[in-house]
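As structure tokens, the structure follows; a few thoughts come after it.
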Amino acid sequence: MISRISSAQVYQGGLNAILDAQVALSRTQNQLATGKRVLSPADDPAAASQIIKVRSELDRVATLQQNAARAEGTLAFEESALTGVESVLQRARELAIQGNAGSLSATDRGAIANEIDNLAEQLLAVANTQNADGEYIFAGNRSKSPAFEVVSGLAQYQGDSNSRAVNIAAGIRVSVNDTGDNIFIASSAGNGRFEVSAASTNVGAGFVKTTSADNSFDSSQDYSINFTTTAAGQLQYSVTGSVGGNIVPVTNYVPDEVISIPPGGSVLIEGTPAAGDRFDLASGGNQSAFATLAELSAALRLGNGQGATAQRTTALNQSLQNLDQNLTQVSTVRTDVGARMNRVSDQIDLNSAFNFQLEKSISELEDLDYASAITELNLQLVALEAAQQTYVKTQGLSLFNYL
Amino acid sequence: MADILGIGTSALNSLQRAMSTTGHNIANVNTEGYSRQSVNFVTSEPEYSGRAALGTGVRIGSIERAYDQFLTSDVQNKTASSSYANSFAQTAGRVDNLLADPATSVASAMDTFFASMEAVANSPTSLPERQVMLAEAETLAQRFQYLDARLDDFGDELNSRIKFSTIEINQLGQTIADLNNEIARVTASTGVAPNDLLDQRDLAITELSGFVKTTTQLQGDGSLNVFIGRGQPLVVGGRAEQMTAVPDPLNDNASLIYLTAGDSIQSDVTSYMSGGELGAALDASATVIESTRRDLGLLAVGIIETFNAQHAQGDDLNGIVGGDFFVPITPAVTGGDTNSTNSVVSAQITDAAQLTGDSYQLEYSGGGATLRNLTTGQNQVLTGTSITIEGVQIDFTAAGAATDGDRFLIEPTAFGASAINVAIEDPVDIAAAASNGNVGDNSNMLALIELRDAKTLAGSDESYYDFYNGVVIDVAVQTRRANSSATTENALLSSAQGRQSSVQGVNLDEEAANLIRYQQAYQAAAQIIAVANEAFDTVLRATAR
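Protein chains in written order, with my numbering: chain A, 57 to 459; chain B, 3 to 547.
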């Protein structure tokens with residue numbers, strides 16, 4: 057218990073009370089002015105640590121949103137190019153059917169062949185589409201040079217097989233391009249297991265109508281169907297494998313009957329082939345869309361003789377199959393692009409939701425509770441006024457005033 | 003009748019002094035360190051007349067200052083600890099604010115750097131994106147350099163403060179020594195305590211406590227011996243020791259404190275200094291400034307090492323293997339001034355994940371070599387010509403071939419934050435593609451972006467961000483602790499000052515009351531003279547008739 061107090065203490069104590077009240081007031085004022093509860097990390101180290109992390113996360117989500125938006129645009133651009141590819145191939149398919157009609161003159165077919173050639177050029181142009189950066193979008197990572205270049209009359213793929221991935225969320229990437237080799241080259245030829253062509257020396261009226269093959273088909277080798285006649289004039293055929301030798305021994309030919317290529321394969325030849333005619337089966341090959349169009353154009357330009365007509369019919373039938381394969385390949389890629397666009401757009405929504413969460417948590421961490429801060433400010437103002445009034449009143453008291 | 007005049011006169015004299023003393027108290031009501039004084043009245047020697055002892059009046063027995071040794075020491079102790087806490091909190095707070103400012107934050111520079119890398123990953127063949135990435139890398143490097151330079155400034159300011167403190171300490175030491183001499187002389191010659199000099203000495207010691215912790219010991223002749231820090235003598239009787247601050251030869255950013263001791267040469271007392279501004283400056287320099295610089299240096303070196311390593315995994319736009327993205331940093335090796343030419347030491351970083359930010363001293367002595375970790379103080383005897391420690395490979399001349407006494411300071415990361423720089427100038431040289439990848443390949447850029455979250459530092463436990471966060475939080479926690487300790491210490495000091503002041507301080511009302519009391523007594527004493535005079539006149543008139 058202190059029983060006396062010095063005059064300096066009365067003065068200093070009063071002054072300290074005012075100064076302390078001012079310091080507290082100034083801090084609250086600062087908080088209200090900035091709207092922040094945490095003015096420096098030392099105010100709340102744990103919250104500050106979180107704030108730094110969340111701020112970086114926010115910045116990152118913003119970047120990833122930009123990435124995602126860009127990826128969406130890139131994929132949409134690719135999709136429109138693929139739509140172009142599809143329409144070119146669709147048109148070629150229509151023309152192939154048209155060209156197969158028996159009533160056409162050589163001139164008519166020539167006109168169709170010319171249009172096919174134009175389509176081939178269009179296809180090359182689409183395959184060599186460039187983006188805003190001047191990159192060839194179907195060239196894989198070899199994106200600074202054209203995806204396809206015409207080498208000895210046929211467009212050849214110049215790119216690589218790598219596609220570009222970009223980050224659209226932490227740990228989530230999406231490919232923003234597809235490579236030309238996959239889109240234009242990778243489809244299987246013919247029925248998917250083998251493709252058949254008539255030898256250019258064929259003279260008979262026989263042409264290949266349809267082909268089929270199942271899982272058991274041995275596509276490790278090529279085959280040929282050779283027609284011969286016996287001395288008695290019986291038309292016969294045999295099937296030879298490039299590896300297996302004689303697959304089907306010499307057999308009498310029955311018109312419109314399926315020739316089986318064991319195991320699992322078959323070819324239906326209509327019309328009557330001539331002795332010495334040959335049909336070649338190429339197994340397991342890929343058929344580029346460019347080759348399909350080139351073959352189509354070449355077939356349409358074949359002559360009008362019996363052999364040539366049969367060869368053309370075989371070739372056009374095969375081309376139709378090839379076009380279907382090419383179209384399936386393109387639409388598979390296009391579906392995949394669409395799926396990726398959906399993923400990106402879903403991710404954009406998720407990122408937005410995440411962004412909102414982050415904003416919310418940063419606000420909880422560092423934002424000021426205005427109601428309580430203003431209450432505190434009022435209390436501090438009262439405290440300061442009280443300290444000031446007390447000071448003035450006590451300083452006025454002195455015994456000397458009464459001497 | 004002469005006696006009554008004498009008594010009156012003695013009363014007038016004594017009361018005059020009492021009123022002077024009250025006046026002295028009033029005059030010094032605002033004098034710092036002043037202790038109020040009070041007059042002790044004692045009766046004068048009585049006269050013996052026959053069997054009666056006659057009073058002869060009053061005299062001043064002594065004038066004493068109100069003083070309590072315990073309360074004074076308490077104020078001095080609390081002054082040292084409060085001044086330490088305030089000073090430390092001030093420095094820590096500045097570093098805290100520096101790291102908190104988003105405009106100077108390494109984290110925000112990393113954010114934009116990594117965002118610029120995403121843009122390159124989106125368009126690996128596009129030069130503008132690459133150019134932006136180089137610019138952002140530059141910004142990141144500059145952020146490190148800026149923080150390091152600011153911390154260096156803070157360090158310089160602390161060193162100036164240390165220097166200033168030693169000058170003040172020397173002056174105060176001299177003042178105390180001089181006062182010791184004077185007090186001893188006056189006490190010896192007059193036998194009276196010189197109150198005002200004692201007050202001045204106490205004040206000087208309190209002021210000294212603001213710079214460094216002090217303890218005192220009272221000597222028989224009235225002088226006080228003053229010890230600073232952990233018991234280093236500063237004032238012994240009338241002699242003051244001299245303190246000097248010099249730059250640490252092993253660390254330009256640190257100061258060493260030397261103190262003379264009597265006639266012997268001055269010795270290094272740095273580790274014995276504590277409390278006050280000096281103690282705070284020494285501690286803040288080591289635990290806030292230097293440790294933060296070391297940590298930032300480690301982060302910078304970690305980024306350089308790991309980023310360069312991944313960058314070299316890819317190909318640039320010309321299909322050439324990626325070169326250094328950041329200029330690599332070789333650990334600084336400084337040889338002692340007196341080294342022979344026989345020994346050579348070099349160091350290189352082998353594993354960024356193992357780096358600790360510590361510095362080492364390699365010393366040849368007694369035919370052997372020892373490596374000392376300057377942060378942990380651990381020693382290690384070296385054999386052979388190479389050692390790998392904490393991610394750093396140190397190659398050195400074998401102990402037998404070197405000269406004893408040669409010393410080397412090895413600082414693997416100390417200059418990381420000041421030396422970080424972008425090595426690449428041509429955006430084409432950024433290796434965004436995988437090794438042997440084509441121009442449009444962005445896989446190495448994606449791998450570089452993955453470094454953002456990869457636990458590459460601190461024993462593969464922390465990412466760049468984790469580590470930087472750790473640096474900020476370390477300082478924040480230190481600052482918070484320092485702030486709360488300053489608040490506590492200030493309250494303790496105020497309360498100690500209050501207790502001291504309540505004993506020693508002047509109260510004007512009290513003095514006014516005393517003044518009235520003495521004035522009334524003085525008027526009464528004057529009446530004694532008047533009465534004596536009248537009595538004398540009465541006698542004169544009677545005899546004149």
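Just so it is clear, CB atoms sit at the ideal spot from N, CA and C, and this is done for glycine as well.
Because the structure is a prediction, the values reported are computed rather than measured.
Boundaries for residue 248 of chain A: no beta strand (DSSP E) harbours it, and the DSSP string shows neither H nor E there.
At a C-beta separation below 9 Å, residue 467 of chain B has these neighbours in chain A: 108, 109 and 112. Scanning the stretch 263-299 of chain A for uninterrupted beta strand (DSSP E) segments of 3 residues or longer gives 263-269, 279-285 and 291-297, listed from N- to C-terminal end.
Note that the stretch 514-523 of chain B does not touch the stretch 75-85 of chain A; fewer than 3 beta-carbon pairs, one per stretch, sit closer than 8 Å.
Residue environment: residue 120 of chain B is assigned as buried (16 or more neighbouring CB atoms within 10 Å of its CB, all protein chains considered). The beta carbons of residue 264 of chain A and residue 255 of chain A sit about 12 Å from each other, so the pair does not count as a contact at 8 Å.
In terms of beta-carbon proximity, residue 38 of chain B lines the interface with chain A, with at least one pair separated by less than 9 Å.
Against chain A, the beta carbon of residue 474 of chain B has neighbours under 9 Å at 97, 101, 104, 105 and 108, listed in chain order.
With respect to residue 402 of chain B, residue 369 of chain B sits close: the two C-beta atoms are nearer than 9 Å. Only exposed fits residue 367 of chain B, as fewer than 16 other CB atoms lie within 10 angstroms of its CB.
A direct Cα-to-Cα measurement between residue 463 of chain B and residue 406 of chain A gives close to 29 Å. By the CB criterion at 9 Å, residue 321 of chain B and residue 426 of chain B fall outside the cutoff. The alpha-carbon separation between residue 292 of chain A and residue 383 of chain A amounts to approximately 37 Å. In this model, residue 447 of chain B and residue 142 of chain B are separated by some 18 Å (Cα to Cα).
For residue 118 of chain B, the secondary structure class from DSSP, reduced to helix, strand or coil, is helix.
Nearest Cα to residue 189 of chain B within the set B:163, B:177, B:221 and B:216: B:221. Within the same chain, and ignoring the five residues on either side of residue 88 of chain A in sequence, the residues whose Cβ sits closer than 8 Å to its Cβ are 424, 426, 429, 430 and 433. The three-state secondary structure of residue 369 of chain B, taken from DSSP, is coil. DSSP assignment within the stretch 397-453 of chain A yields the following whole alpha helix (DSSP H) runs of 4 residues or more, N-terminal first: 426-451. Straight across, the Cα-Cα distance linking residue 305 of chain B with residue 268 of chain B is about 44 Å. In terms of Cα proximity to residue 218 of chain A, the closest of A:114, A:238 and A:209 is A:238. Annotation for residue 95 of chain A: no alpha helix (DSSP H) segment contains it, and DSSP assigns it neither H nor E.
A straight-line Cα-Cα distance of about 22 Å links residue 376 of chain A and residue 317 of chain A. The three-state reading of DSSP puts residue 130 of chain A in helix, counting H, G and I together. At a C-beta separation below 9 Å, residue 448 of chain B has these neighbours in chain A: 221, 222, 223 and 229. Residue range 129-192 is occupied by the alpha helix (DSSP H) that includes residue 130 of chain B. Each residue's CA atom was taken as its position, placing residue 512 of chain B and residue 202 of chain B some 23 Å apart.
Closest in alpha carbon position to residue 397 of chain B, among B:333, B:183 and B:77, is B:333. Between the stretch 196-216 of chain A and the stretch 103-115 of chain A there are fewer than three C-beta pairs closer than 8 Å, too few to call the two in contact.
Judged by DSSP in its simplified three-state form, residue 538 of chain B adopts helix. Those residues of the stretch 180-193 of chain A placed with their C-beta closer than 7 Å to a C-beta in chain B are 189 and 191, ordered along the chain. Around residue 451 of chain B, the beta-carbon contacts reaching into chain A at under 8 Å are 223.
In this structure, residue 419 of chain B places its C-beta atom within 9 Å of the C-beta atom of residue 147 of chain B. Per DSSP, reduced to three states, the secondary structure at residue 178 of chain A is helical. Put simply, the backbone Cα of residue 65 of chain B is about 18 Å away from that of residue 33 of chain B.
It is roughly 12 Å from the alpha-carbon of residue 261 of chain A to the alpha-carbon of residue 360 of chain A.
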